[in-house]
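Report on the following structure.
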Amino acid sequence: YHEPKWWKESVVYEIYVSSFKDSNNDGIGDIPGIISKLGYLRDLGVDIIWVSPHYKSPQVDMGYDVADYQKIHEPYGSMKDVDSLIERTHALGMKIIFDLVINHSSDLHPWFEESRSSVDSPKRDWYIWRPARYDAAGKRHAPTNWRSNFGGPTWSWDEKTQQYYFHIYAPEQPDLNWENPDCRRALYDTAIRFWLDKGIDGFRVDTVNRYSKRVDFVDAPVTDPADETQLAFHNFTNGPRIHEYISEMRAVLDEYDVFTVGELPNTPDESDVMRFISAQAKQVDMVFNFDTVYLGQTPGDRFRLQNFTKKDFKRELTKWQNVIRDTDAWTTVFLENHDQGRSVSRFLSDDPAYRIQAAKMLALVLGTMTGTLFLYQGQEIGMVNAPSSYPVEEYKCIRSVNHYNKIRRQTGGDPAALKEALNALQKVARDHARVPMQWDDSANAGFCAASVTPWMRVLDSYREINVTSQNGKKGSVLEFWKTVIRFRKQYKGLAIYGRFQPIEQHEDVLTFIKEDTDGKVLFTVANLSDQPQRWSLPSSYPRLKPSNLALSTRSQVVDHSSLAAFEGRVYVSDVL
Ligand code: TEU
Ligand code: CA
Numbered sequence: 007y008h009e010p011k012w013w014k015e016s017v018v019y020e021i022y023v024s025s026f027k028d029s030n031n032d033g034i035g036d037i038p039g040i041i042s043k044l045g046y047l048r049d050l051g052v053d054i055i056w057v058s059p060h061y062k063s064p065q066v067d068m069g070y071d072v073a074d075y076q077k078i079h080e081p082y083g084s085m086k087d088v089d090s091l092i093e094r095t096h097a098l099g100m101k102i103i104f105d106l107v108i109n110h111s112s113d114l115h116p117w118f119e120e121s122r123s124s125v126d127s128p129k130r131d132w133y134i135w136r137p138a139r140y141d142a143a144g145k146r147h148a149p150t151n152w153r154s155n156f157g158g159p160t161w162s163w164d165e166k167t168q169q170y171y172f173h174i175y176a177p178e179q180p181d182l183n184w185e186n187p188d189c190r191r192a193l194y195d196t197a198i199r200f201w202l203d204k205g206i207d208g209f210r211v212d213t214v215n216r217y218s219k220r221v222d223f224v225d226a227p228v229t230d231p232a233d234e235t236q237l238a239f240h241n242f243t244n245g246p247r248i249h250e251y252i253s254e255m256r257a258v259l260d261e262y263d264v265f266t267v268g269e270l271p272n273t274p275d276e277s278d279v280m281r282f283i284s285a286q287a288k289q290v291d292m293v294f295n296f297d298t299v300y301l302g303q304t305p306g307d308r309f310r311l312q313n314f315t316k317k318d319f320k321r322e323l324t325k326w327q328n329v330i331r332d333t334d335a336w337t338t339v340f341l342e343n344h345d346q347g348r349s350v351s352r353f354l355s356d357d358p359a360y361r362i363q364a365a366k367m368l369a370l371v372l373g374t375m376t377g378t379l380f381l382y383q384g385q386e387i388g389m390v391n392a393p394s395s396y397p398v399e400e401y402k403c404i405r406s407v408n409h410y411n412k413i414r415r416q417t418g419g420d421p422a423a424l425k426e427a428l429n430a431l432q433k434v435a436r437d438h439a440r441v442p443m444q445w446d447d448s449a450n451a452g453f454c455a456a457s458v459t460p461w462m463r464v465l466d467s468y469r470e471i472n473v474t475s476q477n478g479k480k481g482s483v484l485e486f487w488k489t490v491i492r493f494r495k496q497y498k499g500l501a502i503y504g505r506f507q508p509i510e511q512h513e514d515v516l517t518f519i520k521e522d523t524d525g526k527v528l529f530t531v532a533n534l535s536d537q538p539q540r541w542s543l544p545s546s547y548p549r550l551k552p553s554n555l556a557l558s559t560r561s562q563v564v565d566h567s568s569l570a571a572f573e574g575r576v577y578v579s580d581v582l
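Mind the numbering: the sequence shown is residues 7 to 582 in the UniProt record's numbering, read in order.
Spelled out as structure tokens, the structure:
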């Protein structure tokens, strides 16, 4: 049903530059560090590497605040290093994509410095400026009551020119004004063409649905009277001109043979999503939907945790499989990235008794789903969240720090409230994905020399969870991922392109069928719980037999009707 394309069949691996591998022992990962690990990635079965923002940046939001689209963040290396990264990746038969962050820039980008210099600046209109509002008492207020994504208002006051500028994220990340065609053209040239001319193979497009805002700037309804700002992402997500802008950008990308994956926050609605991913609409080739990773979080307040069930997890995990099934649209398969806690900790269990089984079971499930498969560094070895004993000072992400400080301010430092805040960080902070990669069991986990202090503390779990101890070791998470990736490619007609059919057997067990055009069948069964469960091969698919076992998270399968805690299996009708 889905037209085959190289980027649909590829396994993409996200590299978070600052935490992947430090080559020169300054405690910060770098481009030469990535180059030194390309062989490892190829052996894992990776086809495409996605490099997190490596551009010049003051790093208020870890490089998602770009100060120059054509310069390299100095601690990461030089332009020569990046050129050779591209060349070496291609020489090993892999492709490479960069992160495209053009909804906003850094406040230190020369464009913003020019824009803020005077109301008459030729670049004034490249950012979003509005006058203040004044109440009856003459007190100054922001143009709207909208809340930004990292907490606090979406507007910051500029003393010099006596106006507010708009920012969805931190005040140091002013939004570019996409309404201005000169600004758009400058972005296409400096941020897109410049890198595609160097031969990269596409982009991961940051917050692709936020370029167009409502420009009438009306207040959001007051849902949180205690707060000075209100939940307002509807006003700056999927705005009125969004598809016009993306079409224009797509025409630039189509000058090259590349692919794009867009990030689609706050867009649960199927028809909204289809407008981005249907092949006919020619917007982006696929998007990241966050339905699964939002589980347990409250919209607009990530750290207000809620309970969720295995049933919820199954529903969200399979949502887009069902939606795209009979369409020309394509999707992504992922559970981790640099903004999320570790999947094993978030959705299953990182108890040492279970975490290996759980990580392998997720590999098997993701590996048989339709969509382009994305892995995040460390996921392939089953890395887990920092433990609850991890002190709050170790959390570095702007979002985590802002949240904790807000609770401290609001409660006057109430110990119970702070404990709850720390508990939320331990579950869903972005920091868990940003700690150094665990390469071996030497001090600092082989990320940097033992004598160096890495920019983020290495998790103590590196002693048990690291690449060296798993590489070549039968039964390890890493070897299992290699097996799953090989399997996925060998059986791509089923695992990648097969028609998805959910089968419901038990609340805590995920079961689904994939069928190809020749009538071959794949069956995935996965126990999401820490209890043994019963299951059966679906009788409506008589071609499936116990002897068709193709993949299993355990070395020995004794019983074809029960599963141990977190066990998973795949059966394929023509495997004998
Ligand atoms: O994130 C976009 C974004 O809006 C996230 O807050 C998203 O809603 C959330 O991660 C889903 O759980 C991107 C980058 O991935 C992030 O690292 C940046 O901080 C952000 O853009 C700003 O550039
Ligand atoms: Ca370094």
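By construction, the Cβ of each residue, glycine as well, lies at the ideal position given by its N, Cα and C atoms.
Rounded distance between the beta-carbons of residue j and residue i, thought under 8 Å
{"i": "Lys-317", "j": "Glu-513", "result": "5 Å"}
{"i": "Asp-207", "j": "Val-264", "result": "6 Å"}
{"i": "Val-57", "j": "Asp-105", "result": "7 Å"}
{"i": "Ala-392", "j": "Gln-432", "result": "7 Å"}
{"i": "Thr-530", "j": "Leu-323", "result": "Not really, about 11 Å apart at Cβ, beyond 8 Å."}
{"i": "Tyr-497", "j": "Val-527", "result": "That pair is no contact at about 11 Å."}
{"i": "Ile-413", "j": "Ala-427", "result": "4 Å"}
{"i": "Asn-408", "j": "Trp-445", "result": "Not a contact, Cβ separation roughly 31 Å."}
{"i": "Ser-25", "j": "Arg-440", "result": "6 Å"}
{"i": "Val-88", "j": "Ile-37", "result": "6 Å"}
Neighbour-count burial assignment, residue i, 16 or more Cβ in a 10 Å radius
{"i": "Phe-353", "result": "buried"}
{"i": "Asn-429", "result": "exposed"}
{"i": "Asn-241", "result": "buried"}
{"i": "Gly-481", "result": "exposed"}
{"i": "Asn-450", "result": "buried"}
{"i": "Lys-129", "result": "buried"}
{"i": "Asp-357", "result": "exposed"}
{"i": "Trp-425", "result": "Just to set this straight, residue 425 is Lys in the shown sequence, not Trp. Result: exposed."}
{"i": "Phe-172", "result": "buried"}
{"i": "Glu-276", "result": "exposed"}
{"i": "Leu-98", "result": "exposed"}
{"i": "Glu-269", "result": "buried"}
{"i": "Asp-260", "result": "exposed"}
{"i": "Ser-553", "result": "exposed"}
{"i": "Thr-315", "result": "exposed"}
{"i": "Tyr-410", "result": "buried"}
{"i": "Phe-200", "result": "exposed"}
{"i": "Gly-504", "result": "buried"}
{"i": "Asp-67", "result": "buried"}
{"i": "Pro-10", "result": "exposed"}
{"i": "Arg-210", "result": "buried"}
Beta-ladder partner(s) of residue i, from DSSP
{"i": "Pro-508", "result": "Phe-518"}
{"i": "Arg-146", "result": "Tyr-140"}
{"i": "Leu-569", "result": "Gln-539"}
{"i": "Ser-558", "result": "Arg-575"}
{"i": "Leu-528", "result": "Lys-520 and Val-578"}
{"i": "Tyr-61", "result": "Ile-78"}
{"i": "Phe-294", "result": "Glu-269"}
{"i": "Glu-20", "result": "Trp-56 and Tyr-382"}
{"i": "Trp-13", "result": "Its beta-bridge partners do not exist; DSSP assigns none."}
{"i": "Arg-321", "result": "Paired residues: none, contrary to the question."}
{"i": "Leu-182", "result": "Tyr-133"}
{"i": "Trp-161", "result": "Phe-172"}
{"i": "Asp-307", "result": "Thr-304"}
{"i": "Thr-338", "result": "Thr-378"}
{"i": "Asn-533", "result": "Val-515"}
{"i": "Arg-153", "result": "Pro-159"}
Task: Any residue whose CB is nearer than 5 Å to a heavy atom belonging to ligand 3, listed in chain order - done: This structure does not include ligand 3; its bound ligands are ligand 1 and ligand 2.
Open item on the list: Pairs of beta-carbons, one from the stretch 19-37 and one from the stretch 455-468, closer than 8 Å: are there three or more?
Closed with: Yes, they touch.
Open item on the list: Check whether the stretch 72-88 and the stretch 121-132 are in contact - that is, three or more C-beta pairs closer than 8 Å.
Closed with: Under the three-pair Cβ rule at 8 Å, the stretch 72-88 does not count as touching the stretch 121-132.
Open item on the list: Which runs of the beta strand (DSSP E) at least 3 residues long sit entirely within the stretch 69-139? Give them in chain order.
Closed with: Qualifying beta strand (DSSP E) stretches, in chain order: 74-78 and 101-106.
Task: Completely contained alpha helix (DSSP H) runs for the stretch 371-439, where each covers 4 or more residues - done: As far as the stretch 371-439 is concerned, its whole alpha helix (DSSP H) runs of at least 4 residues are 404-417 and 421-434.
Task: beta strand (DSSP E) runs wholly inside the stretch 207-250, at least 3 long, in chain order - done: Runs of beta strand (DSSP E) with 3 or more residues, each lying fully within the stretch 207-250, are found at 208-211, listed in chain order.
Open item on the list: Across the stretch 373-384 and the stretch 414-424, are there enough close Cβ pairs to call them in contact, namely three or more that are closer than 8 Å?
Closed with: Here the stretch 373-384 makes no contact with the stretch 414-424; the two share fewer than three CB pairs at distances below 8 Å.
Open item on the list: Contact between the stretch 246-260 and the stretch 283-290 is defined here as three or more beta-carbon pairs at a separation below 8 Å; is this criterion met?
Closed with: The stretch 246-260 vs the stretch 283-290: in contact.
TODO: Answer yes if the stretch 393-400 comes into contact with the stretch 483-500, meaning at least three C-beta pairs across the two stretches below 8 Å, and no otherwise.
DONE: Cβ pair count under 8 Å is below three, so no.
Open item on the list: Pairs of beta-carbons, one from the stretch 227-235 and one from the stretch 141-154, closer than 8 Å: are there three or more?
Closed with: Under the 8 Å Cβ criterion, the stretch 227-235 counts as touching the stretch 141-154, having at least three qualifying pairs.
Open item on the list: Under 8 Å, with one C-beta from each stretch per pair, do the stretch 560-575 and the stretch 528-536 reach the 3-pair mark?
Closed with: Result yes; three or more Cβ-Cβ pairs closer than 8 Å.
Open item on the list: Contact between the stretch 102-118 and the stretch 175-182 is defined here as three or more beta-carbon pairs at a separation below 8 Å; is this criterion met?
Closed with: Three or more beta-carbon pairs separated by less than 8 Å link the stretch 102-118 to the stretch 175-182, which places the two stretches in contact.
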